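Numbering (this note's numbering), first residue to last: 117 to 492. Backbone N, C-alpha and C define an ideal beta-carbon position, used for all residues, glycine too. Note that the structure is a prediction, hence the values are computed from the model and not measured. Report on the following structure.
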Amino acid sequence: MKTSDFFFELPQELVAQHPVHKRDASRLMVVDPAVALATAAIADTSGINSATGAIANAITGKISHHMFSEIADLIPRGTLLVHNDSRVRKARVPGQKLRKETMQERTHEFLFIEQTQDGFWKTLVQKSRTYRQGDSVIFPEDRLARVTGHMQETVLLLFEEPIDEAWFERNGSVPLPPYIHRKTEEEDSDRYQTVYARNYGSVAAPTAGLHFTEEILSGLQARDIETTAVTLHVGPGTFLPVRTENIEDHVMHSERYSISDDAARTLNQAIASGRKICAVGTTSVRTCESTVRMSDSGVPFFEACSGETKIFIYPGFHFKVVDMLLTNFHTPESSLLMLISAFAGTDLVKRAYDEAVKERYRFFSYGDAMLITGRG
């Protein structure tokens, strides 16, 4: 498939620059691919079996408009929701390269991506080519780091004294996405974080979860809708468009994941009892579909695990465990848009996005949500 197949025109005023006043006050589009499939089947049994007729009917899936506060009434009882509990680190921190002659230089903002097992920090920084191996960089609280490596925009740092999450909390700021054209504000520390975020490590929020409140979670529990959490630390690659002409040539960025014993047990119980599994966000989809294993009899199951995934989900992918998907609206020609197109069907997703633009939905991280009630 061509990357250009996933392009759409989006008026810039629909890109949400701030969150709505209350998390669950976002709008929610519900997309039901099953209606499309049923309509196509009826058309075929009625003798309308031409390719054109089948396609015309197959893209008539039901689209309805709601508020996110209604979510508990829109998900079937007994469903298992799978959240991503990764927490966004205040990963933007100012640093200043030391020069021997003046002992100071212009301050640059470093984006701390992740720490390697041997203690080095991978960072992104503008003017990265001005940093050379052996350079020293001074950060807040007089924390000194040495440049130990450099590749394109990535600068590898080793601190003389270890830094921790408390240091980031005191000195860093939330790394808002590039399509939010404003400076970070105080409310972002709270609103660009899910209410159930636990494990630090992301440089971007798993945004489908931003709509949940404690009240919403309680309401879901009251309707016998269980939740469990996996962890996938979202990296900066999530914002990158697919740049290859053919999507099959795209190389996906790597992200770290983990699944606990409790999460694996809960997922396995849902599979065994035939309950629906609803992934909250594309990160939860990627985690589940990366780590699921198949028994000799063809039954999917999970085990506690951790590692890295570069899974790239695009149309033609065979989903093994995810039955429903809650997601935000994504950027044109992105791997995330390709993922939901694989899940719901390319034609239906195109129609849904056209309708979202027409109905003035808010797009991207601080925007509105979409619930896809089944696989297309």
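Practice task
Compute the distance between the beta-carbons of V146 and L464, then report whether it is under 8 Å.
Solution key: Here the question's residue 146 lines up with position 30 in the sequence shown. Here the question's residue 464 lines up with position 348 in the sequence shown. No; because the gap between Cβ atoms is not below 8 Å, this pair is not in contact.
Handout entry: Coil, strand or helix - R467 by DSSP
Key = For the purposes of this step, residue 467 is taken as the residue at position 351 of the sequence shown. It is helical.
Problem - Stretch-stretch touch, CB-based, cutoff 8 Å, three pairs: the region 367 to 377 with the region 173 to 193 - result: No contact exists between the region 367 to 377 and the region 173 to 193.
Practice task
Please report the residue range of the beta strand (DSSP E) in which E225 lies.
Solution key: Taking the sequence shown and counting its residues from 1, one reaches residue 225 at position 109. Secondary structure note for E225: its beta strand (DSSP E) is the uninterrupted segment 223 to 231.
Practice task
Could you tell me which of D121, L441, S142, T119 sits nearest to H327, measuring between CA atoms?
Solution key: In the sequence shown, counting from the first residue as 1, residue 327 sits at position 211. In terms of CA proximity to H327, S142 leads the group D121, L441, S142, T119.
Handout entry: Cβ-based neighbour list, E475, same chain, cut-off 6 Å, excluding 5 preceding and 5 following
Key = Taking the sequence shown and counting its residues from 1, the one referred to as residue 475 is at position 359. Answer for E475: no residue qualifies.
Practice task
Go ahead and label R298 buried or exposed: buried means 16 or more other beta carbons lie within 10 angstroms of its beta carbon, across all protein chains shown.
Solution key: For the purposes of this step, residue 298 is taken as residue 182 along the sequence shown, with counting starting at 1. Per the 10 Å Cβ criterion, exposed.
Problem - Interface flag, E330 vs chain B, CB-CB below 8 Å - result: Included in the structure is just one protein chain, with no chain B present.
Exercise for the section: Identify which residue in G317, Y316, L292 has its Cα closest to the Cα of R307. Expected result: Here residue 307 refers to the residue found at position 191 of the sequence shown. Closest in alpha carbon position to R307, among G317, Y316, L292, is L292.
Exercise for the section: Along the alpha helix (DSSP H) that carries L453, what are the first and last residues, could you check? Expected result: As a first step, residue 453 is located in the sequence shown; it is residue number 337 there, counting from the start. Annotation: the continuous alpha helix (DSSP H) that includes L453 extends over 451 to 460.
Practice task
Keeping to the same chain, check which residues put their C-beta closer than 7 Å to that of T329; ignore five residues upstream and five downstream.
Solution key: Numbered from 1 along the sequence shown, position 213 holds the residue referred to as residue 329. Spatial neighbours of T329 in its own chain (CB-CB distance under 7 Å, excluding positions within 5 residues in sequence) are listed in chain order as R139, D140, V311.
Practice task
Please report the Cβ distance between G325 and G397, rounded to the nearest whole angstrom; I am assuming they are in contact, meaning their Cβ atoms lie under 8 Å.
Solution key: Within the sequence shown, the letter at position 209 stands for residue 325. Within the sequence shown, the letter at position 281 stands for residue 397. Indeed, because the Cβ distance is near 6 Å, the residues count as touching under 8 Å.
Practice task
Mark R215 as exposed unless 16 or more other C-beta atoms lie within 10 angstroms of its C-beta, in which case mark it buried.
Solution key: Within the sequence shown, numbered from 1, the residue matching residue 215 stands at position 99. With fewer than 16 other Cβ atoms within 10 Å, it is exposed.
Handout entry: Alpha-carbon to alpha-carbon, T447 and Q133
Key = For the purposes of this step, residue 133 is taken as residue 17 along the sequence shown, with counting starting at 1. For the purposes of this step, residue 447 is taken as residue 331 along the sequence shown, with counting starting at 1. Taken atom to atom, the span from the alpha-carbon of Q133 to that of T447 is near 14 Å.
Handout entry: Segment contact flag, the region 391 to 409 with the region 192 to 202, C-beta cutoff 8 Å, min 3 pairs
Key = Enough Cβ pairs lie closer than 8 Å, so yes.
Handout entry: With 16 other Cβ atoms within 10 Å as the buried cut-off, status of A338
Key = Working through the sequence shown from its first residue, we reach residue 338 at position 222. Exposed, since its Cβ has fewer than 16 Cβ neighbours within 10 Å.
Handout entry: Per DSSP, cross-strand counterpart(s) of N384
Key = Counting from 1 along the sequence shown, the entry for residue 384 is found at position 268. Within the DSSP bridge table, the entry for N384 names no partner.
Exercise for the section: Quick one: grab the DSSP three-state call for R491. Expected result: Sequence index remark: in the sequence shown, residue 491 carries index 375 (1-based). In this structure, R491 counts as coil in the three-state DSSP scheme.
Handout entry: Those residues which DSSP pairs with H179 across a bridge
Key = As a working mapping, residue 179 is identified with position 63 in the sequence shown. First, the amino acid is wrong: residue 179 is Ile here, not His. BP columns for I179 point to V147.
Exercise for the section: Could you check which residue in T354, F355, V415 has the C-alpha nearest to that of N384? Expected result: As a working note, residue 384 is residue 268 in the sequence shown. Minimum Cα-Cα distance from N384 among the listed residues T354, F355, V415 corresponds to V415.
Problem - Cβ shell of R193 (< 6 Å), same chain only, five flanking positions each side left out - result: As a first step, residue 193 is located in the sequence shown; it is residue number 77 there, counting from the start. The residues are R339, D340.
Exercise for the section: Return helix, strand or coil for R298, following the three-state DSSP convention. Expected result: Residue mapping note: residue 298 aligns to position 182 of the sequence shown, counting from 1. Three-state DSSP puts R298 in coil, outside helix and strand.
Handout entry: Whole-angstrom distance between R259 and G423, CA atom to CA atom
Key = Within the sequence shown, residue 423 is the residue found at index 307, counting from 1. Within the sequence shown, residue 259 is the residue found at index 143, counting from 1. A direct Cα-Cα distance of roughly 30 Å separates G423 from R259.
Exercise for the section: Keeping to the same chain, check which residues put their C-beta closer than 6 Å to that of Y469; ignore five residues upstream and five downstream. Expected result: Walking along the sequence shown from the start, residue 469 turns up at place 353. Same-chain partners within the cutoff: F124.
Exercise for the section: Indicate the three-state DSSP secondary structure (helix, strand or coil) for K535 in the structure shown. Expected result: In the structure as shown, the chain starts at 117 and stops at 492, and residue 535 therefore has no counterpart that could be examined.
Practice task
Could you tell me whether the Cβ atoms of L272 and F236 are closer together than 8 Å?
Solution key: Sequence index remark: in the sequence shown, residue 272 carries index 156 (1-based). Sequence index remark: in the sequence shown, residue 236 carries index 120 (1-based). Going by C-beta atoms, L272 is nearer than 8 Å to F236.
Practice task
Look at the Cβ atom of L441, then the Cβ atom of I429, and state whether they are nearer than 8 Å.
Solution key: On the sequence shown, position 325 is the one that residue 441 refers to. On the sequence shown, position 313 is the one that residue 429 refers to. Going by C-beta atoms, L441 is not nearer than 8 Å to I429.
Practice task
Consult DSSP for E331 and reduce its assignment to one of helix, strand or coil.
Solution key: Position 215 of the sequence shown, counted from the first residue, corresponds to residue 331. In the three-state scheme derived from DSSP, where H, G and I count as helix and E and B as strand, E331 is classed as helix.
Practice task
Count the other C-beta atoms from every protein chain shown that fall within 10 angstroms of the C-beta of M267, then say buried if there are 16 or more, exposed otherwise.
Solution key: On the sequence shown, residue 267 is found 151 positions in, with the first residue counted as 1. Counting Cβ neighbours within 10 Å, M267 comes out exposed, since fewer than 16 surround it.
Exercise for the section: May I ask which residues mark the beginning and end of the alpha helix (DSSP H) holding E281? Expected result: Within the sequence shown, the letter at position 165 stands for residue 281. Counting along the chain, E281 sits inside the alpha helix (DSSP H) bounded by residues 281 to 287.
Practice task
Would you kindly check if the distance between the Cβ of S400 and the Cβ of V346 is under 8 Å?
Solution key: In the sequence shown, residue 346 corresponds to position 230, counting from 1. In the sequence shown, residue 400 corresponds to position 284, counting from 1. Taking the C-beta atoms as reference points, S400 is found nearer than 8 Å to V346.
Exercise for the section: Under 8 Å by Cβ, that's how I've got R205 and G317 pegged, so tell me the actual separation to the nearest angstrom. Expected result: Here residue 205 corresponds to residue number 89 of the sequence shown, with the count starting at 1. Here residue 317 corresponds to residue number 201 of the sequence shown, with the count starting at 1. At roughly 7 Å, the Cβ-Cβ gap stays under 8 Å, so R205 and G317 are in contact.
Exercise for the section: Would you mind stating whether P210 and P278 have Cβ atoms separated by less than 8 Å? Expected result: Here residue 210 is taken as the residue at index 94 of the sequence shown, counted from 1. Here residue 278 is taken as the residue at index 162 of the sequence shown, counted from 1. Contact check for P210 against P278 fails: the beta carbons are separated by 8 Å or more.
Problem - Rounded Cβ spacing between P352 and I229 (contact assumed at less than 8 Å) - result: The residue you call residue 352 lines up with position 236 of the sequence shown. The residue you call residue 229 lines up with position 113 of the sequence shown. The beta-carbon separation of P352 and I229, rounded to 7 Å, stays under the 8 Å limit for a contact.
Practice task
Alpha carbon to alpha carbon, how far is Q231 from P149? Give it in angstroms, no decimals.
Solution key: If you number the sequence shown from 1, residue 149 lands on position 33. If you number the sequence shown from 1, residue 231 lands on position 115. So the two alpha carbons sit approximately 41 Å from each other.
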